[in-house]
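Worksheet: one structure, shown below.
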Amino acid sequence: MKDLKQRLASGTVLAPGVYDALSALLAEQAGFDAVYLSGASIAYTQLGRSDIGLTTYTEVEGVLARISERVSLPIIVDADTGFGNALNMQRTVRGFERAGAAMIQLEDQTFPKRCGHLDGKTVIPGAEMCGKIRAAVDARIDPSTLILARTDALASEGLEAALDRADSYLEAGADALFIEALRTPEQMRAACERFTARVPLLANMVEGGKTPVQSVASLATLGFRIVIFPGGTARAVAHTLQGYYGSLQQQGSTGPWKDRMLDFDGLNAVIGTPDLLARGRQYGDGC
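Structure (structure tokens):
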């Protein structure tokens, strides 16, 4: 598997949001070069709750391990604040690296953190975050495991302060930067002008969020090297299930949805059931 650093060197990487092994498998089959394991989407799908710091290290690690066992794509994983102080950060990095992360995203919010596109965010002192980034860098075993430093300071401290924080995080050892919730095209250009020549910069596309949603081609032209659509998958699935369940409740049958869903054999083809059964027969296990 070509590592994420090589992929970034060859152009902008578009990573759709995933939240379990099936969504990651479908993304791989669609031809993406990487996937983004969204902390928000884990909260949405595993807990049925908002992204307000409720998910834990073990929950994210478990989902990550199941995805990495199923797909070969590089996985960018949202590690929130590292789930604690610098020592928690080191445990998180070591655990997520073992579980298959290619890039680990760490942010400077206080705890409990919240979705970057919600109001009311607060951030820890920049010096404290720099220490946590150094701890993360020291904890990783494989130098190809990348550290993505995210700052949420724009909302409370303004653009220049957020850019200054990002600069200090880069100096502390981050391999890529994520300035969350840039609000205008002008702010997006300012971030790219400051960092594009030095480090991969991530653009976060949230439907209905604070950052103007643009295509990957437009964002690549600006200078962004990583583009994520983290929660779009969960929102699309939720919308689809609202229609499916509503129809089933009203009609008492899945007939009206026949052309909008996979049948039994169709889903088994997607997840590789025939190949799995054939492999089992090689070992005489009666499959």
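Each residue of the sequence shown is one higher than the last, beginning at 159 in our numbering. Heads up, the beta-carbon is just placed ideally off N, CA and C, and yes, glycines get one too.
Cβ pair residue i, residue j closer than 9 Å
i: residue 222; j: residue 191; result: no
i: residue 330; j: residue 292; result: yes
i: residue 195; j: residue 177; result: yes
i: residue 295; j: residue 282; result: no
i: residue 270; j: residue 184; result: no
i: residue 352; j: residue 321; result: yes
i: residue 428; j: residue 420; result: yes
i: residue 219; j: residue 254; result: yes
i: residue 225; j: residue 260; result: no
i: residue 244; j: residue 289; result: yes
i: residue 326; j: residue 280; result: no
i: residue 423; j: residue 163; result: no
i: residue 250; j: residue 240; result: yes
i: residue 385; j: residue 394; result: no
i: residue 109; j: residue 262; result: Any property of residue 109 remains undetermined from this structure, which presents the chain solely from 159 to 445.
i: residue 202; j: residue 389; result: yes
Segment limits, beta strand (DSSP E) that includes residue i
i: residue 298; result: Taken as a continuous stretch (DSSP letters only), residue 298 belongs to no beta strand (DSSP E), as it is neither H nor E.
i: residue 224; result: Here residue 224 belongs to no beta strand (DSSP E); instead the alpha helix (DSSP H) covers 215 to 228.
i: residue 337; result: 334 to 337
i: residue 420; result: Per DSSP, residue 420 belongs to no beta strand (DSSP E) and is neither H nor E.
i: residue 193; result: 193 to 195
DSSP-derived helix/strand/coil call for residue i
i: residue 236; result: strand
i: residue 160; result: Unreliable placement is indicated for residue 160, whose pLDDT of 47 sits below 50; no coordinate value is reported for it.
i: residue 467; result: Nothing can be reported for residue 467: it is not among the residues displayed for the chain, which extend from 159 to 445.
i: residue 410; result: coil
i: residue 174; result: strand
i: residue 432; result: helix
i: residue 184; result: helix
i: residue 330; result: coil
i: residue 355; result: coil
i: residue 212; result: coil
i: residue 231; result: coil
i: residue 360; result: strand
Local Cβ density within 10 Å of residue i, reported as buried at 16 or more and exposed below that
i: residue 391; result: buried
i: residue 309; result: buried
i: residue 205; result: exposed
i: residue 267; result: buried
i: residue 300; result: exposed
i: residue 344; result: exposed
i: residue 197; result: buried
i: residue 455; result: What is shown of the chain runs 159 to 445, which leaves residue 455 out entirely.
i: residue 396; result: exposed
i: residue 227; result: exposed
i: residue 311; result: buried
i: residue 416; result: exposed
i: residue 159; result: At residue 159 the pLDDT is 38, less than 50, meaning the model places this residue with poor confidence; the figure from the coordinates comes in the next sentence. The residue in question, residue 159, is exposed, as its Cβ has fewer than 16 Cβ neighbours within 10 Å.
i: residue 338; result: buried
i: residue 146; result: The structure shown has nothing for residue 146, since the chain only spans 159 to 445.
i: residue 181; result: buried
i: residue 170; result: buried
i: residue 441; result: exposed
i: residue 358; result: buried
i: residue 208; result: exposed
Residue i - containing alpha helix (DSSP H), residue span
i: residue 441; result: Residue 441 -> no alpha helix (DSSP H), and no H or E assigned at all.
i: residue 265; result: That residue, residue 265, is in no alpha helix (DSSP H); its beta strand (DSSP E) goes 261 to 265.
i: residue 251; result: 244 to 256
Heavy atom of the ligand NAP within 8 Å of residue i beta-carbon
i: residue 182; result: Only the bare structure without any ligand can be found here, which leaves the ligand NAP out of the picture.
List, from N- to C-terminal side, the alpha helix (DSSP H) runs of 4 residues or more that fit wholly inside the stretch 363 to 394. Listed in chain order, the complete alpha helix (DSSP H) runs (minimum 4 residues) inside the stretch 363 to 394 are 374 to 380.
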